[in-house]
Structure formats: C-alpha cells, structure tokens
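Asker: Below are the structure tokens for one structure; questions will follow.
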Amino acid sequence: MTTIDHSLSVPSPRSITEPALAGKTQNMVLNMGPHHPSTHGVLRLVVELDGETVVNVAPDMGFLHTGIEKNMEYKTYQQALVMTDRTDYLAPLSNNLSYVLAVESLLQCDIPERAQTARVLLVELQRISSHLVWLGTHALDLAAMSVFLYGFREREQILDIFEMVSGARMMTSYFRVGGLAYDLPEGFFPAVKAFVDVMPARIDEYEALLTNNLIWQERTMGVGAIDSAAALQYGMTGPGLRATGVAWDIRKAMPYSGYENYTFAIPTATNGDIYDRYLVRMAEMRESVKIVAQAATRLKDMGDGPWQTADRKIAPPPKIEITQSMESLIHHFKLWTEGFKPPRGDAMVAIESPRGELATYIVSDGSPKPYRVHMRAPSFINLQALPHMAKGQLMADLVALIASLDPVLGEVDR
Amino acid sequence: MLDAYVPLLAMVGIAVFIAVFVLSVSRILGPQKATVRKLAPYESGMEPIGDAMARFPIKFNLVAMLFILFDVEVIFFFPYALVYRQLGIPGLIEMGSFVLVLLVGLTYVWKKGALTWD
Amino acid sequence: MTWLDILILLVRCLVLALASATLFAYFTLFERRLLAKFQHRIGPNRAGYIPLPGGKKLFGGWLQPAADAVKLFLKEDVVPAMADKWVYIMAPGFAVVPALIIWVAIPLGTWPDGMGGNWLHYAPIDVGVLYLLAVTSIGVYGIAIAGWASNNKYSMIGGVRASAQVISYELALGFAILAVVMQNSTFRTEEIVTSQGLIWNIIPQFLGFIIFLIASTAEVVRSPFDLVEAEQELVGGYNTEYGSMKFALFFMSEYIKLIAMNAIAVTLFLGGGNFPGIDTLVAAIKTSNGDTIAYAVQGALTLGAFLLKTTALSFLSVWVRASVPRVRYDQLMHLGWKVLLPLGLFNVVMTAVFGVLFPADSLIAKIIMCVVGVIVVVIVSATATPKHAKRGVTLVNPSAGN
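Those protein sequences? They're chains A, B and C, same order as listed. The first sequence begins at -1 in the working numbering and counts up one residue at a time. The second sequence begins at 172 in the working numbering and counts up one residue at a time. The third sequence begins at 28 in the working numbering and counts up one residue at a time.
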C-alpha cells in the first residue's frame, strides 16, 4: 500500500441516528441488534434503509464487553490463560496458542517437539470446528437450515476430541505456558483418525448442498465485494482478505509452532465477495484436515515423550515427583502461589486464527502478572469493512455479509 | 341457484366465531402483567428511532399499480376461457391480438425497468 | 330450508373448521418430525407416546400439537403501547378467516347424499375457481394490516413485502388456474375434478402445474419465498409483535393456507379424489350392498385419495424447506414478473390453440401439450437462470519449509 484512500472510513452510529431523530432524513433508520437473530451475538448495527436498500450502516459494539484484557492484568500468567478462552469462544485453542506463544517468547523457553505438534493438530481441529459453525450459521442466515445441523454433527466429533484431551468441550485451556496441560490421552489417535477419515466426504456433502445451488449462488455471488486494496487498508485478515486474492497467511508468512514443516496450501480467490469467502473457507477446511493428518502421523511416530518444558520455573513438576523431592514441592508451591516472572520487556506473537490474524501483545514489568495485555482481534478489525461492503446492498444481503465476515462478539468486545 | 352460497356464508360465520372465540379465550386465560418495557415496540432491544408508520418508498406502490393493470387484463380472459371452443379460430385471433397488446405493455414496463428492483 | 337444515349445516361447517385446524396441528408435527429426519435429529417425541414392552415408544409426540396449543392459550396477551389497538387485535382474525373458508369450495371427495348433493363438497358454487383465487389472496390483508398496526419497523417491512409479493404472484397463479379452466371449460371445481377422469390435468397442463406450484408457494409465503417472516432479517416479520393465540392464529392461517393450496393443486391438477379402481369398487358394492354403504365407501375412499395426494404435495413443501436457501426480494420479483408471468401467458395461449384445433377430449392434444410443457420448463430453467462462471479457489502453495 503506497497511497491511502481517505474515502474509506467507518461511520459512527451517531452519524445516522442523530439526523434521523432530528427528522432530517426520509429514510427508515433501523436498529439491527443487539438482540437480533442474525447479528451473531450482540452486535448492534444502525441501518439506514431506503425501502430494502441499505444506504448506510454503522456498527456499534461493546454490548458484550467483559474487560478480559484489563482483568488479565490482575492474574498471574497461568491464570490469565483461562480468560483467553472466553474471547473468541468458537476458537478457544487458537486464543490459548496466541497467548501462550507470546508468554513463551517473553520467557525464551523451549517447547518439546511433541507439544508443538499436538498444538498444531488441535489448533487445526479448532479451525475446522470454527469454520463449521461459520458454515452452519451462514447457511442458516440464508435459511438453508439443514447445513447447520450437518455441520454440528461433525463439530460434535471435534468437541469430543477436545473433551478427551482436556476434560472440557469448549473452554479447554489445554495449552499452557511451556507445553500442554496434560499428556495426550489414550484413544486420542483413533478418534482423530476417525475424524480425518470421515471429514473430506462430509465437506463434499456440504458443498453438494450449497456450492452449485442456484439460490445460494444468486444470494452470494457479487454481493458484498471488496477489492484487495480496500481490504488491506481496513486491515482485514484471514479468509476475508484471502478471498480478495492476497495470499497472506501467518502460518506461511511467519511460521510458528513448526508450521513450516507441514505441507499445505493457502486457498485464495479473486472476487472478494461472499461466495469467494465461502469457497476459501471450505478449501481451508480441506487443507486443515491434511495438516491434522500429517500432525497425527508425526505424533504417532514420536511415541511417548515430554509434553511440557523441563524448566521447573515455568512448568510444574509431575505429581509423583512432588511426593519424593523437596525441591519439586517448592517449585510446585512457588509456581501455583506466586507464578513465574518473565523478564521486563514486551512480546507480540501473531497466529492465524480461524478468523484471521490474532496477535497477543504482552508487556511485562518483571512481576508475575502481565503489566498489559492486548489482543489484535481479527473479528473486530474485519468488522470495520462491513459498512464499506454493505452500502448499496439489500437488507437481506446485510445478514449474509455479517455471516460471511464471521465475527465473534466475544472477541470484538473482549 | 344462490342456495350453493349458503354453506359459504355459514362457514364465514363459523370462521369469524372461531377467531373471536380463540382471541377472547386467550385474553381470559393468559396473565395480564403489562409493563412499560414489555409494551414497547421491539427493535432489537434498543429504543426505536423514529416512528414505524412512516413514508415508504414509491417502488412498492409501482408494483401495486402494475398488478392492477395486469390483473384487470387477466380478468378479461376468464369469460373467454368458458367459450373459447365455441368461438373457434376467429376468437383465437381476437384473443391473440389482445395477448399481443398485453405483451407490448409488459415489454414496455420491462424495458422501462419498472420490474427491476434498483 | 328448515331450521334443522341450518343446524346441520352449521354443525358440518364446524366440523370442517375443526378438521382443518386439526390438519394444521398435525401438519406442524409432520413437518417438525420430517425436518428432523432430514437433519439427523429426532424431533418432538416426548408428548404422549404409547409405551410398548421392551422400552419401545409408539407414536412419540402425537400430543405435541395439543401441548403447544395449551401453552399458547396460557401466554400473556400483549397489545403493544404504540400499536393501533383494534386493528392490531383484528389482524389475526383477518388472516385466519380466509384460510378457513377456502375449504368450502374444494371438493374433498365424493360422498353423494342421495339428493344430488355431496357431503364432502360444501358449497358447489358456479364460480368455485374464481372463489378460490379470490380467497387465497385476501389472506394477505391480515398480514399487511398486522405489519402496519404493530408500529414496528420489522413488521412494517414484512407487511409491505407481503403485499408486494402476493400481488406479484397473483398474476402467475391466475394464469395457471385460467389454463385449467380452459382445459376443462368450467369454473365449477367439482366438474374440473370429474372431467379430469384418469388423465389428470397435470398431463396437459404440466407447465401450468409447475407455475402453480411455484406461485402458490410464494402466495402462501412459504420457504423459499418466506421473506415476509424472514426470521434472519426481519426477526419475525409481520408477526414480530404478536404473541399468545394471536400469533397462533397467524401461524394457523399460514399453514392452513399452505395445506389448502396443496389441496387446490390436487383438485385442479391431480384429479382431486379420483383414483384408479375406486369407481369399479364402488359399482361392485352398489350392486351387492345397496346405495348407502356404497356412497359411504366412495366417500371414504375418495377422501382418502384426496388426503393422500395433499400429503404428498405437503411432503414436497417440507422437503423444499429443508433444502434450499431463501431468495432475495429482487430475485423474487424477477421470478414472478419476468419468468412466471410470461410463462403463464404462454401456457394460456398454448391451451387456447390446442383447445381450438383439437376436440375437447383429444388424447393426442394432451400428450403434445405435456411434451411441450416439459420442453418449455427445461428450456426456461436452463436459460432464464442467471449464468455464473464456475469459480474455484487458487491454491497458493509456497512449498513446505519456506
């Protein structure tokens, strides 16, 4: 980007409501949300309508503000991890990973290969499950209701795997600073294999329902298009950006957790409309299945081994050691009462979450609690482009557009 | 002759009775605990901006106009439908020219863009 | 007409109204169970099952409609503060009355009462077809009034959409019905049924049947043309502000109209209560058991055939709902005005030409019309649909280890 287009902006809700209340507009001004079936949570859109045509839209957020970033300043590094689950609640493991990688980069600690591979596997499963929710809700917003339930059938399988490894289906907190929370359980590989075997056929099934469905194409093709220049200027990342033709994927551009060792492709499209975003996400699911399969093979070949760092200042000693060694007991006690103290400094690590570039920025003042945590939330930043895409479309398209951006309001408001 | 319409009238009576009955029974059976918030119009949980009974774009009206035009023309077909076999070829030609006029109208409206939404 | 006659008539009408309400109630159950089957779910299966030995449950969910009704009766009856009170209260009535009175003009079967009448056809009026056309479209008043009276923007948009949608498809529907009238040269519904015999109107009027099916789906604002409610856009559309039995009346009118539309399709295109073999069977019973029993058997069988056909079309409605996304407003208008209306006109002209050139009951004409209809449907669906270049994704693959 060399030139900046100053006409691209995000209107404020007031710029629409105030003229309307003063009677200066002939158009209908409608609150869409916060309590609306298809704003994917409590997003409020102030919509100015001329009949069915959207003249202007202003997103208004903050209805789900939970103060997660601020709260993390009052928790030790391990405790703060739990809060990351709650931001993007459709992809908790991705948030875990981003946070954990940032803390690890502060600490400069080494993570065992096995933990890294398990992280990649689980994060890719998370990407699939998140995309399945996106697919289901997107189809549901266009009233193709069956796809929703088909998608949830496969998501169930993924959540079962998460439950197997962490005990929780959604708020897993499975990745910890220094590795994983527990070792991978028995029955993990068969479950993953069952999923990898069945998933490609299931994606074909969804595509059979939608990809060549005429009404689906009519509703999505050429609707809500954005070009790559505008998308970049709005800071869009993830499938929304890749649908405009920019092959930007953190997994390739700045590999983390050993992504450079896996064979996969970045799906891109050229038109940047809803249909292309749909195609890109569908192809991403297929690529993720490939990564999961590769990671599973590697993990199997590695056999048993450590799943967290050997540094006792960061990761707790095994329970059995605590009963035998005084030193381990002290480590355990110190770690869970005080926490570890990363050196002064800051770190920012970006990962490719299902929604785009998720980066966690942490400032450490040398105490066991972070001085400041900030998340670059892809949902929030992608949402900026919504008014630009929605202007001139019909009201029904607005619903499809929100779905195609796939915002998670927990992450937008944090 | 008009006897056949009596059941129809009776049915209208029964239908109105059912509607009134159902509405009043639910009025009696249901609780009545109105609050200001509950009685406010629903606009996704926000205070409504302006009145809903406002002006509406002319485009919808245009559809209604076109409908009346075409529907009246369709009505002319109905008498023809009963006797078209007796009228034979001459009737067919007459009706054909009528259809042609209708088609010209439709084409005009079509080309004017009145059937295109935006 | 004596008082007794009037009493009998009123009771019959009440039976018909309650029967259609029951039909509606069980159609909702049918739809929910069927949708569940389409979607790998179970659906409502708890209310009122019959336990069998071995833990099996029979007829699970058959009391669900009753439970829903009781629940809705006990809900609070709210009149929003800003609504136009009396119009708001009357709107559900306006919606439900036309839905209920459709049925009197549909011959549900043939059960002669021995005096030239038919127990299963309430009002054999001269202009039955016109009556059906009129009544199915005045139902939209309820929706439009509800949308306006609620003083809610979602309702307002829903109401306006409803009016525009229904009148747009009214024309195509009118043309489809007109062709049937021309085919059978009568406005009387029962004569349309009898004159179809065993070569149902769907054969000569195949094109008309397709137009009718699409236009009637739009007319009763049913998925994929349910823009009027469009939960995802308009929350609930015209019925956003309605609750308790007022909502239920809208729901009821919509479903009864859907079933009635399917029943009209059966009457006009699928031979009503006609079914191969019924006539022979009834004639045999007449000689062995006498008229009364024969008429009763005929009534039961024709009603059964009628309901069977209606159920088949209703199954189609549910299937469509489970499968396809909703169309958008401009696409709806495009389909109605630019595709179905010219097609309907074409169908009328074709029927007129064949009717004039061939004798009334010419089998050859019917077959040619069927073939032409199929060809036209195929051509139109291939050409009138917008063309989209096949799109795919480009897999950008900087090789592993980059």
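Glycine included, every Cβ here is placed at the ideal spot set by N, Cα and C.
Which same chain residues, not among the five before or five after A:Arg112, have their C-beta less than 8 angstroms away from its C-beta?
Answerer: Only Leu297, Met300, Gly303, Pro304 and Trp305 meet the Cβ criterion.
Asker: Given that B:Pro250 touches chain A, what residues does it touch there, using C-beta distances under 9 angstroms?
Answerer: Result: empty, since nearest Cβ-Cβ is about 38 angstroms, beyond 9 angstroms.
Asker: Between the segment 204 to 222 of chain C and the segment 376 to 392 of chain C, do three or more beta carbon pairs fall short of 8 angstroms?
Answerer: Touching, per the Cβ criterion.
Asker: Give the residues of chain C in contact with B:Met217, contact being defined as C-beta atoms less than 8 angstroms apart.
Answerer: Those within 8 angstroms of B:Met217 in chain C number zero; the least Cβ separation is about 11 angstroms.
Asker: Please list, in chain order, the residues of the segment 375 to 402 of chain C that have any C-beta partner in chain B closer than 7 angstroms.
Answerer: Residues passing the 7 angstroms Cβ filter: Val375, Val376, Ala379, Val380, Gly382, Val383 and Ala387.
Asker: In angstroms, rounded to a whole number, what distance separates the CA positions of A:Thr170 and A:Leu119?
Answerer: If you take the alpha carbons of A:Thr170 and A:Leu119, they lie about 15 angstroms apart.
Asker: What are the start and end residues of the alpha helix (DSSP H) that includes A:Met219?
Answerer: That residue, A:Met219, is in no alpha helix (DSSP H); it is neither H nor E in DSSP.
Asker: Mind checking which residues open and close the alpha helix (DSSP H) that includes A:Ser362?
Answerer: Looking at the DSSP string, A:Ser362 is not in any alpha helix (DSSP H); the run it does join, the beta strand (DSSP E), is Gly354 to Ser362.
Asker: Within 10 Å of its beta-carbon, does A:Leu130 have 16 or more other beta-carbons around it, so buried, or fewer, so exposed?
Answerer: Buried: at least 16 other Cβ atoms inside 10 Å.
Asker: At which residues does the alpha helix (DSSP H) containing C:Met360 begin and terminate?
Answerer: Counting along the chain, the alpha helix (DSSP H) containing C:Met360 begins and ends at Tyr356 to Met360.
Asker: So, at 6 angstroms on beta carbons, what are the nonlocal neighbours of A:Thr115 in its own chain, with the 5 sequence-adjacent residues on each side left out?
Answerer: The residues are Ala293, Arg296 and Leu297.
Asker: If you draw a straight line from the C-alpha of C:Ile402 to the C-alpha of C:Ile241, how long is it?
Answerer: For C:Ile402 and C:Ile241, the distance between alpha carbons rounds to 18 angstroms.
Asker: Is the segment 58 to 70 of chain A touching the segment 86 to 95 of chain A in the sense that three or more CB pairs, one from each, lie closer than 8 angstroms?
Answerer: At 8 angstroms Cβ cutoff, the stretches do not touch.
Asker: Can you look up A:Pro198 in the DSSP assignment and give me helix, strand or coil?
Answerer: Helix at A:Pro198.
Asker: Can you tell me whether A:Asp395 is buried or exposed, with buried defined as 16 or more other CB within 10 angstroms of its CB?
Answerer: Buried is the call here.
Asker: With a cut-off of 8 angstroms on the beta carbons, I'd call C:Ala206 and C:Gly235 a contact; round off their distance for me.
Answerer: About 4 angstroms; that satisfies the 8 angstroms criterion.
Asker: As a quick exercise: from C:Glu103, C:Phe252 and C:Ile391, pick the residue whose alpha carbon is nearest that of C:Arg188.
Answerer: Of C:Glu103, C:Phe252 and C:Ile391, the residue nearest in Cα terms is C:Phe252.
Asker: For the segment 28 to 42 of chain A, which residues have a beta carbon sitting closer than 9 angstroms to at least one beta carbon of chain B?
Answerer: Cβ contacts with chain B come from Leu28, Asn29, Met30, Gly31, Pro32, His33, His34, Thr37, Val40 and Arg42.
Asker: Measuring straight from C-alpha to C-alpha, what distance separates A:Met162 and A:Asn259?
Answerer: Cα-Cα distance, rounded: 26 angstroms.
Asker: Taking the runs of the alpha helix (DSSP H) that are 4 residues or longer, which of them lie wholly in the segment 215 to 289 of chain A?
Answerer: As far as the segment 215 to 289 of chain A is concerned, its whole alpha helix (DSSP H) runs of at least 4 residues are 226 to 231, 237 to 240 and 248 to 251.
Asker: What residues from the segment 195 to 216 of chain C come within 8 angstroms of chain B, judged by C-beta to C-beta, listed N to C?
Answerer: So the close ones are Ser195, Glu197, Leu198, Gly201, Phe202, Leu205, Val208, Met209, Ser212, Thr213 and Phe214.
Asker: Quick check: what's the CA-CA separation for A:Val397 versus A:Asp225?
Answerer: Computed Cα separation, rounded: 20 angstroms.
Asker: Quick one: residues in its chain with C-beta nearer than 7 angstroms to the C-beta of A:Arg217, no 5 flanking neighbours on either side, listed in chain order?
Answerer: Around A:Arg217: Leu140 and Ala398.
Asker: Under 8 angstroms Cβ-Cβ, which residues of chain C neighbour B:Glu214?
Answerer: What B:Glu214 touches in chain C: Asn179, Lys180 and Tyr181.
Asker: Using alpha carbons as the reference points, say which of C:Gly371, C:Asn424, C:Val376 and C:His415 lies closest to C:Val404.
Answerer: When only C-alpha atoms are compared, the closest one is C:Gly371.
Asker: With distances taken Cα to Cα, identify the nearest neighbour of A:Asp247 among A:Ala189, A:Leu356 and A:Phe193.
Answerer: Measuring from the Cα of A:Asp247, the nearest candidate turns out to be A:Leu356.
Asker: On the DSSP letters alone, give me the boundaries of the beta strand (DSSP E) that A:Val55 sits inside.
Answerer: Run containing A:Val55: Thr51 to Asp58, per the beta strand (DSSP E) assignment.
Asker: Any C-beta of chain A within less than 9 angstroms: which residues of the segment 351 to 363 of chain C qualify?
Answerer: Result list: Val351, Pro352, Arg353, Val354, Arg355, Tyr356, Asp357 and Gln358.
Asker: Here's the rule: buried if 16 or more other CB atoms are within 10 angstroms of the residue's CB, otherwise exposed. What is B:Phe192?
Answerer: Flag for B:Phe192 reads exposed.
Asker: Let me know the alpha helix (DSSP H) ranges lying completely inside the segment 188 to 213 of chain C, each 4 residues or longer, listed in chain order.
Answerer: Counting whole runs of 4 or more residues, the segment 188 to 213 of chain C contains no alpha helix (DSSP H) stretch at all.
Asker: Answer with buried or exposed for C:Thr49, where buried requires no fewer than 16 other C-beta atoms within 10 angstroms of its C-beta.
Answerer: The residue is exposed, with fewer than 16 neighbouring Cβ atoms inside 10 Å.
Asker: Distance, Cα to Cα, C:Ile152 vs C:Ala132?
Answerer: The alpha-carbon atoms of C:Ile152 and C:Ala132 are separated by roughly 7 angstroms.
Asker: The alpha helix (DSSP H) that contains C:Ser389, what's its start and end?
Answerer: Careful: C:Ser389 lies outside any alpha helix (DSSP H) and carries neither H nor E.
Asker: For A:Ile14, which residues of its own chain have a beta-carbon under 7 angstroms away from its beta-carbon, when the five flanking residues on both sides are left out?
Answerer: Here the set comprises Val27, Val44, Glu46, Asn54 and Ala56.
Asker: A:Pro366 to B:Lys204, Cα distance in whole Å?
Answerer: Going by the C-alpha atoms only, they are around 54 angstroms apart.
Asker: Taking C-beta pairs closer than 9 angstroms, name the residues in chain A that B:Ile239 reaches, listed in chain order.
Answerer: Chain A residues near B:Ile239: none, gap ~20 angstroms exceeds 9 angstroms.
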